[in-house]
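Have a look at the structure below before the remarks.
Residue numbers (full-length UniProt numbering): 1 to 88.
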């Protein structure tokens, strides 16, 4: 992606997608299904699903999930088009 293509909506979409993917990956690694997460966080299943798909920008729900998963949320700035630096 060139700098000319970099827009606010693309940044938000990319951040939401990255966070959602990480939340879903963590939920699976911990062996939780959506019902278990819902019961323990009181976040509606459709909201969890939308967040994991990168379709929601509810940071409060993401923080609540991170707390339930006992994880921190880290944010980094990267060059447009660069690959994720996560070693996994």
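The beta carbon of each residue, even a glycine, is placed where N, CA and C say it ideally should be.
Which of helix, strand or coil DSSP assigns to residue i
i	result
residue 89	Examination of residue 89 is not possible in this model, given that the chain is present from 1 through 88 alone.
residue 58	coil
Length of the line joining the Cα atoms of residue i and residue j
i	j	result
residue 70	residue 35	18 Å
residue 57	residue 31	24 Å
residue 62	residue 79	24 Å
residue 33	residue 67	16 Å
residue 52	residue 45	11 Å
residue 42	residue 77	31 Å
residue 11	residue 17	10 Å
residue 15	residue 40	25 Å
residue 21	residue 37	16 Å
residue 19	residue 54	7 Å
Own chain residues within Cβ distance below 7 Å of residue i, not counting five before or after
i	result
residue 26	69 and 71
Where residue i falls, given that 16 or more other Cβ within 10 Å makes a residue buried
i	result
residue 75	exposed
residue 9	exposed
residue 6	exposed
Neighbourhood of residue i by C-beta, 8 Å cutoff - its chain only, sequence neighbours within 5 removed
i	result
residue 47	56, 58 and 61
Residues of its chain near residue i, where Cβ-Cβ distance is below 6 Å and the 5 sequence neighbours each way are ignored
i	result
residue 136	Here the chain covers residues 1 to 88 and nothing more, so residue 136 does not appear.
Would you mind listing the alpha helix (DSSP H) stretches within the region 5-54 that are 4+ residues and don't spill past its ends, in chain order?
For secondary structure counted as the alpha helix (DSSP H) over 4 or more consecutive residues, the region 5-54 holds these complete runs in sequence order: 8-30, 34-41 and 45-52.
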